[in-house]
Amino acid sequence: MPAGFSKFFMKSTFTASLLIVLASNPFFQRSTFVSSFTTSSYLPTQSLVTTITKHNFALAMSSNDYNTLNNHDQVQVVGQDKNLSSDLQFIPGIHAISSSYDTFLLDMWGVMHNGSKPYDGVIHTVQKLKQAGKKMIILSNSSKRIDDAEKVLAKLGFDISAFDQIITSGEISYRMLCGDDTLQCSQWDVLVNLIQEDRRKVFVFGSGDGDEEYVESCGWSLASIDEADLMIARGTFTIQDKVGSYLVSKKDNEEEYFTILEETLDCAAKRKVPMLVTNPDRVRPDEGLPPMPGAIGDAYEKRLGDGSGLVKRIGKPYGEVYELALIGCEDRRKAIMVGDALETDVMGGTQVQCATAWIVNDGIHSPFVKEYGKDNFEMGVASVLEKFNNYKNASLRPTFVAKHFQW
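The opening position of the sequence shown corresponds to residue 14 in this note's numbering, with each subsequent residue numbered one higher.
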């Protein structure tokens, strides 16, 4: 465990919304991490922690979900019923559904690649869809702009010309920050008003990669939290309020990073500073499920209270990305969202009346599908889905389920 990590979690509210995710991870189960939660008044009772840990729930919950669990104290466990998967349609590959859809909305991480290499068979699948004349649009929750996504894909061996469009959360957010009135999606009135009033001072939770250029090139200037008109959450590695240097970098001092993050959110909540979250993901599907900007948004929203309207998330499952992706799509029943995450990809696609294909074995839910299902993939899938729906009080069902994005 990184230095200072457990101390932070003993006192912090930042990861309340990530408790279920982290408690599921075998590394944390073997550490003193989970037991340290019981020392904090912010976090669940011992009985809840025990229940969560025992059954390895890992579903990236929002702060509202966390509060619900805290109030009810006990989590419902889905039994190992072999009939759980009876209403799910499992497919051996994309070829089985390719003739039914004209537009394929594709997630990147967890479907096409893992950041270092493409998954087996994915490049071939893209080629086959292109040969079949299918429209392919990438929908990524990356905080980076389109050119970064293009570079990553090209480096991994993808033919960029195969994709009709690449849409990233970072690109949409950038154009919003620019005040781009040609952007054909819903606008955030809070941000529109700031731009109209020429209030363009911003405080950044960043990735440490191009944060200054990102905000300055669209007409904003870095400022302290005492002066900022807006906060941007685009990463979980640095905190920056002036040009040329970081207030703190997590790589240099992790404990100080979290301390400053907490203090900053407290100060911002008192001033009612709005926050733009340019990547709504709460965790990244890497070892340890590290937190993402969506977790910062959750922590801030918890401080503000429900209904403030001061936290805006851009990306799946929210509408703006789909509004842009489906421009010109006359029949959404002929479009399918292909992704690995229930909360962003499957839920987002479902909300806009698209079909959905849940890709399981390369994505964020894979370890838990394997654990619940043992040697039965379909049972594991059904169990994870049922747990997700129990937490969300939902009835989400992907149209199709596949192990990989393969032909």
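We treat Cβ as the ideally placed atom computed from N, Cα and C, and that holds for glycine.
This one's a predicted model, so the numbers in the text were calculated from it and none came from an experiment.
Discussion item. Tell me the DSSP secondary structure of F401 in three-state form.
Written reply: Three-state result, F401: helix.
Practice prompt. Tell me, please, which residues DSSP counts as bridged to T251.
Written response: In the DSSP output, where bridge partners are listed per residue, T251 has G219, S262.
Practice prompt. Kindly provide the ranges of any beta strand (DSSP E) runs that are 3 or more residues long and lie completely inside the region 361-396, ordered along the chain.
Written response: Unbroken beta strand (DSSP E) stretches of 3 residues or longer found wholly inside the region 361-396: 368-372, given in chain order.
Worksheet item: If we ignore side chains and look at the alpha-carbon of each, how far apart do M149 and V414 end up?
Response: So the alpha carbons of these two residues sit roughly 19 angstroms apart.
Discussion item. Please determine whether the Cβ atom of C280 lies at a distance below 7 angstroms from any heavy atom of the ligand SAM.
Written reply: Of the ligands one can find in the structure shown there are none, so the ligand SAM has no counterpart to examine.
Discussion item. Considering just the uninterrupted stretch of the beta strand (DSSP E) at V414, what are its terminal residues?
Written reply: Start and end: 413-415.
Discussion item. Along the chain, where does the alpha helix (DSSP H) containing R346 start, and where does it finish?
Written reply: Segment: none, R346 is in no alpha helix (DSSP H) and carries neither H nor E.
Item to complete: Tell me whether S156 is buried or exposed, calling it buried when 16 or more other Cβ atoms sit within 10 Å of its Cβ.
Response: In the assembly as shown, S156 is a buried residue. Its beta-carbon has 16 or more other beta-carbons within 10 Å.
Discussion item. Is the separation between the beta-carbon of I245 and that of F218 shorter than 8 angstroms?
Written reply: Yes. Within cutoff.
Worksheet entry | Rounded straight-line distance, which links the Cα of D239 to that of P330 | Rounded to the nearest angstrom, the two C-alpha atoms are 32 angstroms apart.
Fill in: Assigned exposure category for R326 - 16 Cβ within 10 Å defines buried
Burial call: buried.
Worksheet item: What residues match up with H126 in a beta bridge as DSSP calls it?
Response: For H126, the beta-bridge partners assigned by DSSP are W122, P131.
Worksheet item: Which first and last residues belong to the alpha helix (DSSP H) in which R326 is found?
Response: It is not in any alpha helix (DSSP H) - R326 instead sits in the beta strand (DSSP E) that spans 324-326.
Worksheet item: What's the gap between the Cα of M288 and the Cα of G310?
Response: Approximately 7 angstroms between the Cα atoms of the pair.
Discussion item. Assuming S186 is part of the beta strand (DSSP E), what are its boundary residues?
Written reply: Judged by DSSP secondary structure, S186 falls outside any beta strand (DSSP E) and instead within the alpha helix (DSSP H) spanning 182-191.
Worksheet item: Buried or exposed: I13, going by 16 or more other Cβ atoms within 10 Å of its Cβ?
Response: It is not possible to answer for residue 13, since the shown part of the chain is limited to 14 through 420.
Discussion item. Going by C-alpha to C-alpha distance, which of W122, C231, L339, G223 sits closest to D115?
Written reply: Ranking the options by Cα distance to D115, first place goes to L339.
Discussion item. Helix, strand or coil for Q178? Go by DSSP, reduced to three states.
Written reply: Q178: strand per DSSP, three-state reduction.
Worksheet item: Should V359 be labelled buried (16 or more other beta-carbon atoms within 10 Å of its own) or exposed?
Response: Buried, since its Cβ has 16 or more Cβ neighbours within 10 Å.
Worksheet item: What's the call for R247, buried or exposed, on a 16-neighbour Cβ count within 10 Å?
Response: Residue burial is scored here from C-beta neighbours: R247 has at least 16 other C-beta atoms within 10 angstroms and is therefore classed as buried.
Practice prompt. Note down the Cα distance separating L355 from C342, rounded to an integer number of angstroms.
Written response: Each residue's alpha carbon lies about 23 angstroms from the other.
Worksheet item: How is the beta strand (DSSP E) around I208 delimited, first residue to last?
Response: DSSP places I208 outside any beta strand (DSSP E); the residue lies instead in the alpha helix (DSSP H), whose first and last residues are 202-209.
Worksheet item: Under the DSSP definition of a beta bridge, which residues are partnered with D117?
Response: Residue identity check: residue 117 is Phe in the sequence provided, not Asp. Checking the DSSP bridge columns, you'll see F117 partnered with M149, I349.
Worksheet item: Which same chain residues, not among the five before or five after V1, have their C-beta less than 8 angstroms away from its C-beta?
Response: This structure does not reach residue 1, given that the chain is present from 14 up to 420, and the question cannot be answered.
Item to complete: Give the DSSP-derived three-state secondary structure of I340 in the structure shown.
Response: Annotated three-state conformation of I340 is coil, per DSSP.
Fill in: Three-state class that DSSP yields for F271 in the structure shown
F271 falls in the helix class under three-state DSSP.
Worksheet entry | Three-state secondary structure (DSSP) of A241 | Assigned with DSSP and collapsed to three states, A241 falls in coil, not helix or strand.
Practice prompt. Would you mind sorting A282 into buried or exposed? The rule is 16 or more other CB atoms within 10 Å of its CB.
Written response: Flag for A282 reads buried.
Discussion item. Can you tell me which residues form a DSSP beta bridge with S234?
Written reply: DSSP, once it has assigned bridges, lists K214 as partnering S234.
Worksheet entry | the region 163-170 touching the region 120-133, judged by at least three CB pairs closer than 8 angstroms | Yes, the region 163-170 is in contact with the region 120-133.
Fill in: DSSP state of P330 mapped onto helix, strand, coil
For P330, the secondary structure class from DSSP, reduced to helix, strand or coil, is coil.
Worksheet item: Can you check whether the CB of L337 is closer than 8 angstroms to the CB of I185?
Response: At the C-beta level, I185 and L337 come within 8 angstroms of one another.
Worksheet item: When we look at the beta-carbon of D294 and count the other beta-carbons within 10 Å, is it buried (16 or more) or exposed?
Response: Its Cβ being crowded by 16 or more others within 10 Å, D294 is buried.
Worksheet entry | Nonlocal neighbours in the same chain, by C-beta distance under 7 angstroms from G223, ignoring five residues either side | There are no such residues.
Item to complete: List the whole-angstrom C-beta distance separating N154 from S182, where the pair is believed to meet the contact cut-off of C-beta under 8 angstroms.
Response: The beta-carbon distance between N154 and S182, rounded to whole angstroms, is 5 angstroms. This is short enough to meet the 8 angstroms contact definition.
Practice prompt. Kindly list the residues whose CB is nearer than 7 angstroms to the CB of K408, restricted to its own chain and excluding five residues on each side of it in sequence; keep chain order.
Written response: A small fix is needed here, since residue 408 is Ser in this sequence, not Lys. Take S408, set aside five residues on each side of it, and the residues of its chain with a beta-carbon closer than 7 angstroms to its own are N402, in chain order.
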